[in-house]
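Note sheet for the following structure.
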Ligand SMILES: [Ca+2]
């Protein structure tokens, strides 16, 4: 499958002390400042036994057009309970453009484990009020 070409196995022990996982990886919690700010957290899917958990950027943009911008500069992912995705042992992919994706079949011992539930938020231009 062409799709699997894009999957990343992440070894990010060095940043596990951060709150979540950022993309771009140089980004951080405090990087979204000035004319940009973090959106609320989006948790649009629960992990399914057949696939996994997907928080997709274009899906979120369609669901929340008034809260979600078209051109975010960064994405952060956490588990639904606020932990870093590196603590789960899941294999996932994260990009600003596509969002967050965890596939059960990519995760070790997937027959006994499905992906954890994740949420994402984006760094968007602050809307003048
Ligand atoms: Ca989720």
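Numbering (this note's numbering), first residue to last: 38 to 166.
Just so you know, even glycine gets a beta-carbon here, dropped at the ideal spot from N, CA and C.
From the listed residues 90, 79, 110, the smallest Cα separation to residue 100 is found for 79. Remark: three or more beta-carbon pairs, one from each stretch, lie closer than 8 Å, so the region 104–120 and the region 130–141 are flagged as touching. Placement of the Cβ of residue 80 at a distance of less than 7 Å from at least one heavy atom of ligand 1 is found. A distance of 8 Å or more separates the beta carbons of residue 139 and residue 83. Annotation for residue 132: the continuous beta strand (DSSP E) segment containing it runs 129–132. Secondary structure of residue 143 (DSSP, three-state): helix.
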